[in-house]
Structure formats: C-alpha cells, structure tokens
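Following: one structure in structure tokens, then a few remarks.
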Amino acid sequence: MTISSLPPPHMLPLGVAQPPGQKHAVSVSLPTWDSVPGRPLGKQWVIEKMQVNYPRFGIHHIVQKLADAVLERLNATPEMKCAVFPSEDACTRCVQFLQKRHRADVQTTIVPFFLSGSVSKENLRWARFYAVIYQQDAHKAAGQFWTIFGDGISSRHAEFCLERWPFMVSKLARGPLQSHPEVEGTSLLPVPLWRKEDDEHAKAQIKARIATWIGSDHPGFPLVSTEDVFLYPKGMCAISAVARALAPEERKRSKAVVFGWPYSETPRAVQNSGYQDFFIYSKGSQQDLDELESSLAAGELIQALFCEIPSNPSLHTPDLHRIRTLADRYGFCVVCDETIGTYVNVDILPYVDVAVTSLTKIFSGASNVMGGSAVINPNSRHYGLIHSRLTASYEDLVFPLDAMVLAENSMDFPERVLKCNANAQVFAQMLAGCPSIDTVYYPSMTSTSHLYERYRRKGGGNGFLLSILFRNPSSAVEFYNKLDICKGPSLGTNFSLAIPYAQLAHVHELDWAESKGVPKHIVRISAGLESEVELVNRIREALLAVEQHEQEVL
C-alpha cells in the first residue's frame, strides 16, 4: 500500500478486520475501552462480533475450520480438542507444556496429516501438518502455549491444507486415530499457485534485505551474511527459538534474565524455554544494572540476557554499552528485540549477540501476514555456538504464500519507517503540551533519551510508537473512546493504531503490571502513514472531548 492510497484515518466498528476485508488480517477493531479486554474476559458481546483476531491471541476461523475437520475425521469424542501446528517439534513442546501444567496426567496424542502417493514437491512439503489432540481440561493451557510461543499454523497454510484435505491421510504406529483420504488418487489434487523456486526467491529477498538493513555503520564492522539471518513464522517463534538454543546443559549456568519491561509474552517464552532459573529486572534502570553487576560479581552465573530497544510500551532504552561490557566480562549472551527501534532507526548489532524482530509489525506494515527473524552478530564471541545450535534446531516453517506477501510488503520498509517517525514525532510534541496528560513516553522524551540517541543511526528517527498517560484515568477512557483512528492489537501498521496497552496485554494482572511500571490506563499509539494534518485533527478532536469531560466530571 502506498502512502497516497491510504484512506483517511477512522475508527472501525467492533470486530471488523484491520484492514477491512482482509481475511488474513492480523488486527481487529476494538473501538471502545470496554471492548479491549472483552475477548480474554470471555465477553460474548465482543467475541461474537470479531471477524478475525491477532493470530496468537485466538484461533483464526480458517485454522479452526481445519481443527474441526481433524476432530470430525478422527471421530473424536466431544470432550476432545485440537491444536494444529506445522511442525512435529512444536507439537512435542505443546504436549510437554500441557503435561507440566496438568502434572503429566493429561491425555494427548500427536497425529500427523500428509499426502501419500505421487504428488508435486510443493504439495508434498506443505500439505502436511500435525495435530495435538487433548482433553477439554487442558484447553486453557493449550491456549496459553498458542499465545506465548506462536507456533500455531498460519491461516494461509491452513487454507492450503483445507483445499487438499480430502486427499490427506493420517497414520500412527498404533491406536485408533488413523484416517484415510476421502478422495482416492491424486489426479484431482489442486495445483499450487506458486513453485518451490518462488518460495525460495521470496525468502532470499527477505533475508538479503534484513542483512543489508541491520548492518552496522561502525567502521570495520563486518557485513551481515544471509547465512546469519533465520526466518520464523512469527516474532515470538524467533524469540523462543533463540531462547531454547541458548539454554545450557550446565545446570549452574541455567539462568536467563529479562532486562527492562518487554512485550508481555517475552518473559513467559524465555521462562518456559529450558532454564532452571529466571529473573526480570523490570525497570531496566542503571540501578537494575548495578544489582545485576553485583550479583554477577558475587558469583551468579547467567546464560542469556533478553531486552528490547526501546521497551514496549514505555519506550525506554537499555544501556547496551554497559550490558555488553558485563556480557563480555561474565560470558553471557545478549539478545535484543529491535522491532520497535527498527533497522532504519537504531544501530545495535555491535552490542548484542542476536537481534530478533517481529516482521509482522512495521517490516510488513500491511497487517496481513506474520513473520519473525533472528540475526546473529557476525562479530559475536559466541557466534559459533549460537549459529550451530540455531542451525541444528531450525525448520523452515514460513509458509510460501506468507513469505511472498512479506517480501512484497517490505520493499519500501525504510521509506515507511521514516514517514511514521515523522508523524509520531509530531504527535509526541503535540501531546506533551496537553495539560491533561501527565507523561508522554517517546524515546526522545524519556529519562533514557541520551541512550537512545547513542544508538540512533545518522538519519534515523525516534520511532513510530509512543504511549501517553493521562493525569486522570477517566480521561484516558474518554480519549480512547473518542479517538477517530483504527484501534486494536498490533503495532507498526501502515494505518495509525491505538490501544490501552495494559488492558489488552495484562488484563488478568493489572495491579501487578502497574507495580512494575505499566500503568493500567496507559494508551499506546502507533503512528501510520496517513496525512499528518488529518491525524493531528483526530488527536485534537479527542483531546477536546477530554477537556469537556474533565470540565463536566472532575
């Protein structure tokens, strides 16, 4: 989507896909404050309206159709449920997660589905998936696994398998869960609209772009090879794959640290990736670094430190120089999520061992595909270990059509980032002067602005994301309800997008999140590509509504 083709910003009705009409959309309209926690709280007036959902937050209707077909084919009893994955390894980890949550007494079965006979290499490779069949009692835990790790099958991949479902079989070594194709032979098998070469070309394009854009401007820093770029179906897949790869066999070093306040699922993914011990330094401050350094000096051993630049949603920047110094001194790996910072704005590779990114966000921008990446620093002293472990466990699970959409979307990534930077900068400056607002969280306006400036590239901006905290909670509700732009999950979309972050990400732990520095009424805004004038008008109208509300109520 070009900047000129974007429609004017407007909020959409509850449950409508964002963008509208996109069956593979990764955002859904949540236009009022009360609607935001509706799905996780089981509010039917919200759930029944939702055309789509962010793919990790719920089961896409196409994926659900495939899961239902599996249960029907296997004659499963009503109390059995199904989760569908593109990988047997993901199924195994899902089963282990369910057993851990249910003390190993939950009944589960992994059932592979595939094509048999003489079929094309494209059909043979991608008309294949694995289903975890589990009891209703484990449904909540299965949903947690789906959300935290992002290993579920994509909607495009599920659609591909559904088109070939009558021809697919399942086969187990023993047990009743066997099935035969509904249609014998393969003469009527659909032909993929793409070739293996198209898939390879799209993924090579994406990897080459990432390798170029993430490269450091520091003199003498080596070029990043595409061999050091690993693609994943989702950003959380990348984070958890790196976390698992770094988990040590040596028990005394089996500790991971999350530094600063990250996206809500990151600590859960790290904590459940094979470490014996885990700790989060939620403030990400110099004092937290002092405490970390003291513990290391006293003999504490850690294997990996995970952080973000900047953090979500408070937009603080970690002191990567000091973290790198500690990592070199005490031998741990540094993994940094730069999704919000972007390759365009920040130059971080010299200070980290691995950079991870959710390609779903501004790298794509179009809000119609998921993806993730991990890039190994070619200068890392742990390069050999990290590369060998990631390579040993790596599976190419990015569905070809997803890769082709992502390659198409990302062609103008740098230009879009710069435009979104400019809009966000205007928003931040405008909102900072509003008397109803207590704090504007933006990389250039936080207490760590000097650190962000240290990592900002020449020509890079302060980013596309900001958060605001009103002095009065009811003013935040009024602002959000009246803000006439798209509202819902995700960030980095080509269209501007707002969400009361804690109400979505921490709905079951609001008090705890607030105690860690994420206010219950913080509102996050992702600046898009729309006209600056139109966006400023939308924000101004919402602020006028807040002013009137405060005059009447406060």
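Numbers 1 to 554, taken from the working numbering, label the letters of the sequence shown in order. C-beta atoms are modelled at their ideal positions from N, C-alpha and C, and glycine is treated no differently. All values reported here derive from a predicted model rather than from experimental measurement.
Rounded separation between residue i and residue j - CA only
i, j, result
"V507", "P37", "6 Å"
"V553", "P489", "30 Å"
"S576", "T212", "Residue 576 is absent from the structure shown; the chain starts at 1 and stops at 554."
"L385", "L431", "46 Å"
"A407", "F495", "19 Å"
"L349", "C434", "37 Å"
"G260", "F306", "9 Å"
"M1", "D511", "For M1, the pLDDT reaches just 49, beneath the cut-off of 50, and the residue's location in the model is therefore unreliable, leaving the point undetermined."
"S35", "P473", "16 Å"
"A238", "E197", "24 Å"
"E249", "C333", "15 Å"
"T325", "Y130", "44 Å"
"R93", "S87", "10 Å"
"T342", "N462", "10 Å"
"L12", "L6", "15 Å"
"E415", "G365", "11 Å"
"T186", "Q51", "34 Å"
"Q18", "I499", "13 Å"
"C420", "S444", "15 Å"
"L74", "H24", "27 Å"
"K487", "T446", "24 Å"
Unbroken beta strand (DSSP E) run spanning residue i, endpoints
i, result
"Y134", "F129 to Q135"
"L231", "V229 to Y232"
"S373", "G372 to I376"
"E308", "A304 to E308"
"A527", "Note, A527: premise wrong, no beta strand (DSSP E); not H, not E."
"P112", "T108 to L115"
"V628", "Since the first residue of the chain shown is 1 and the last is 554, residue 628 is not available in this structure."
Three-state secondary structure assigned by DSSP to residue i
i, result
"C333", "strand"
"T186", "coil"
"D396", "coil"
"D319", "coil"
"I499", "strand"
"F167", "helix"
"D89", "helix"
"D438", "strand"
"Y275", "coil"
"M1", "Because M1 carries a pLDDT of 49, less than 50, the predicted location of this residue cannot be relied on, and no value is offered for it."
"F259", "strand"
"I153", "coil"
"F464", "coil"
"V28", "strand"
"I214", "helix"
"L510", "helix"
"F470", "strand"
"I362", "coil"
"I148", "helix"
Pick from the options that is closest to residue i, judged by C-alpha positions
i, options, result
"I555", "T108, L469, G528 and E182", "The requested residue 555 is not part of the displayed model; the chain covers only 1 to 554."
"A142", "T108, S120 and S154", "T108"
"Q135", "R73, P78 and S187", "P78"
"Y394", "R457, S155 and V242", "V242"
"E265", "K255, F114, S225 and Q144", "Q144"
"V523", "I59, F479, Q551 and S311", "F479"
"Y501", "E72, Y263 and S187", "Y263"
"L483", "A327, L543 and Y330", "L543"
"F57", "R103, S154, H382 and S216", "S154"
"V119", "A392, F167 and D105", "F167"
"L231", "V356, A513 and E541", "V356"
"L359", "K520, K234, R195 and E514", "K234"
"Y455", "Q503, D438, D347 and V354", "D347"
"C336", "I302, S373 and S314", "S373"
"V191", "L124, T226 and R329", "L124"
"I206", "A138, L98, M11 and M411", "M411"
"H387", "L193, V354 and V405", "V354"
Nearest-angstrom beta carbon gap, residue j and residue i [assumed within contact, 8 Å]
i, j, result
"V28", "G15", "6 Å"
"D526", "G492", "Checking the sequence, you will find Ser at residue 526 rather than Asp. Their Cβ separation, rounded to whole angstroms, is 6 Å, which keeps S526 and G492 in contact under 8 Å."
"Q303", "S380", "At roughly 14 Å, the Cβ-Cβ gap does not stay under 8 Å, so Q303 and S380 are not in contact."
"A158", "L66", "5 Å"
"A202", "W146", "At roughly 26 Å, the Cβ-Cβ gap does not stay under 8 Å, so A202 and W146 are not in contact."
Contact test: residue i Cβ vs the ligand MG heavy atom, cutoff 6 Å
i, result
"R164", "Questions concerning the ligand MG fall outside what the structure shown contains, since it holds no ligand whatsoever."
Extent of the continuous alpha helix (DSSP H) to which residue i belongs
i, result
"L544", "E532 to V553"
"R290", "Looking at the sequence provided, one finds Asp at residue 290 rather than Arg. D290 -> alpha helix (DSSP H) spans Q286 to A297."
"F413", "F413 to A432"
"C235", "First, the amino acid is wrong: residue 235 is Gly here, not Cys. Counting along the chain, the alpha helix (DSSP H) containing G235 begins and ends at G235 to L246."
"I47", "Q44 to I47"
"Q64", "H61 to R73"
"K121", "K121 to W126"
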